[in-house]
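Please read the structure below before turning to the comments.
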Amino acid sequence: MKKFCPNCGKQIKADVDFCPNCGHKFKKSTHAETNKSTASNLKAEPVEKTRSQAQNNFKKTMSKKNKIVLIVIGVLILALGCFYAWGSSYYSQTNQLRRIVSVLKKPDKNAGKYITSTDPDMKITDKSVKPLQNYYNEHQNAANNLIIQFEHQTDMYGLNFVQSGRYFLIFPKYTLQVPAFTPTVRTNHSKSVVKMNDENIGKLHQSGDKYVKKLQPILPGKYDFSINSNVQGRKLSASSQNNIWSNDNINLNIKTATLDIRSLPNGVVYINNKKIGSLNSRGRLQLKEY
0 MKKFCPNCGK QIKADVDFCP NCGHKFKKST HAETNKSTAS NLKAEPVEKT RSQAQNNFKK
60 TMSKKNKIVL IVIGVLILAL GCFYAWGSSY YSQTNQLRRI VSVLKKPDKN AGKYITSTDP
120 DMKITDKSVK PLQNYYNEHQ NAANNLIIQF EHQTDMYGLN FVQSGRYFLI FPKYTLQVPA
180 FTPTVRTNHS KSVVKMNDEN IGKLHQSGDK YVKKLQPILP GKYDFSINSN VQGRKLSASS
240 QNNIWSNDNI NLNIKTATLD IRSLPNGVVY INNKKIGSLN SRGRLQLKEY
């Protein structure tokens with residue numbers, strides 16, 4: 000590369016410090032600065048290139064992350080959509096009622112969680128619902144008719160299908176609302192122990208010529224009653240099955256009669272191979288309330 004004097008313009012050699020024509024002294028820093036500038040440019044290029052590559056790599060990494068995030072969001076939206084579609088069908092009113100009716104027809108299943116009562120004093124448990132299940136187990140057509148009556152909005156014999164909460168805070172939860180009844184048990188003997196489904200209902204009190212006990216609220220259904228009485232020193236018992244769908248009285252009378260037996264004087268009387276007394280000297284024996 001040619002070099003010229005900046006003072007006179009004469010061409011000079013590249014390695015001289017003074018112009019041979021005019022004597023102008025050259026600055027030594029000129030070459031150093033030129034070399035330094037060149038070196039800086041050489042160093043800057045790879046630095047800029049490294050920064051550019053890092054930025055590209057960062058963009059690629061962010062691009063992959065964004066794709067993964069978008070894929071995850073898409074899968075979640077799809078899953079939630081499928082879940083909602085399934086739940087809308089599974090928890091629909093009709094399908095919930097069908098499941099409740101299916102359980103009501105099977106006394107071996109627990110149905111307490113599906114039942115509520117119109118009576119706030121009625122305590123709903125799996126045990127308290129069993130009589131209703133026993134009834135529908137024997138009257139399955141009546142149970143199936145509940146679905147038809149609900150779908151046609153006709154009378155369900157006092158039963159209602161009501162919303163009682165939500166599943167997953169989204170889908171309505173329905174239960175079968177059932178009335179409760181308080182029938183009165185009546186019998187004609189004072190010293191009687193009455194049991195309902197093998198549980199003592201409590202002490203009876205006199206009302207006119209009858210002995211009565213008003214039951215605590217119970218759900219409709221099939222109930223087994225038994226009565227044991229002590230009459231004239233004899234133990235009498237009876238049992239009864241009742242389908243309760245109202246507050247009507249439950250009659251547990253034990254029918255007795257007065258027997259006047261006549262035969263040979265001083266004879267011994269047996270009934271059903273059991274000695275029950277002896278005839279007097281006139282050949283008579285009276286049995287009261289037998």
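Counting from 1, position 92 in the sequence shown corresponds to residue 91 in numbering that gives the first Met the number 0; the numbering is continuous, with no gaps. We put the beta carbon where it would ideally sit given N, CA and C, even for glycine. Keep in mind the model is a prediction, meaning the values are calculated, not measured.
- For the segment 200 to 224, the continuous beta strand (DSSP E) assignments of 3+ residues that do not extend past its boundaries occur at 204 to 206, 209 to 213, in sequence order.
- Look at alanine 84 here: in three-state DSSP terms it is helix.
- The Cβ-Cβ distance between phenylalanine 160 and glutamine 92 falls below 8 Å.
- Proximity of the segment 190 to 210 to the segment 254 to 268 falls short of the contact definition, fewer than three beta-carbon pairs being nearer than 8 Å.
- Beta-bridge partners of glutamate 198 (DSSP): Met195.
- In chain order, Ile11, Cys18, His23 place their CB closer than 6 Å to the CB of cysteine 4, counting only its own chain and leaving out the 5 sequence neighbours on each side.
- For the pair arginine 185 and isoleucine 249, the CB atoms are nearer than the 8 Å cut-off.
- For the options Ala237, Pro219, Gly232, Cys81, the alpha carbon positioned closest to that of isoleucine 226 is the one of Ala237.
- Residue range 159 to 166 is occupied by the beta strand (DSSP E) that includes phenylalanine 160.
- Between glutamine 95 and tyrosine 156, the CB-CB gap reaches or exceeds 8 Å.
- Look at glycine 276 here: in three-state DSSP terms it is strand.
- Cβ-Cβ distances below 8 Å link lysine 2 to Gln10, Ile11, Lys12, Ala13 in the same chain, with the five nearest sequence neighbours on each side left out; the list follows chain order.
- In this structure, the straight-line span from the alpha carbon of lysine 274 to that of isoleucine 146 is close to 59 Å.
- With contacts defined as CB atoms closer than 8 Å, valine 100 and leucine 218 fail to qualify as a contacting pair.
- In terms of Cα proximity to serine 163, the closest of Cys21, Ala84, Asn265, Tyr90 is Tyr90.
- Checking the DSSP bridge columns, you'll see lysine 172 partnered with Gly164.
- Ranked by Cα distance from leucine 284, the first of Lys64, Leu79, Arg261, Gln205 is Arg261.
- Valine 177 is positioned such that its CB atom lies closer than 8 Å to that of isoleucine 114.
- Ranked by how close their Cα comes to the Cα of lysine 108, the residues Asp120, Ser87, Leu131, Asn196 have Leu131 in first place.
- The C-beta distance from proline 216 to aspartate 120 rounds to 5 Å, short enough to meet the 8 Å contact threshold.
- For phenylalanine 149, the number of other beta carbons within 10 angstroms of its own is at least 16, and it is reported as buried.
- For isoleucine 146, the secondary structure class from DSSP, reduced to helix, strand or coil, is helix.
- The C-beta of asparagine 133 has 16 or more other C-beta atoms within 10 Å across all chains shown, which makes the residue buried.
- Per DSSP, lysine 26 lies in no beta strand (DSSP E) segment and is marked neither H nor E.
- Distance check between glutamate 137 and each of Pro106, Tyr166, Arg165 places Pro106 closest, using alpha-carbon atoms only.
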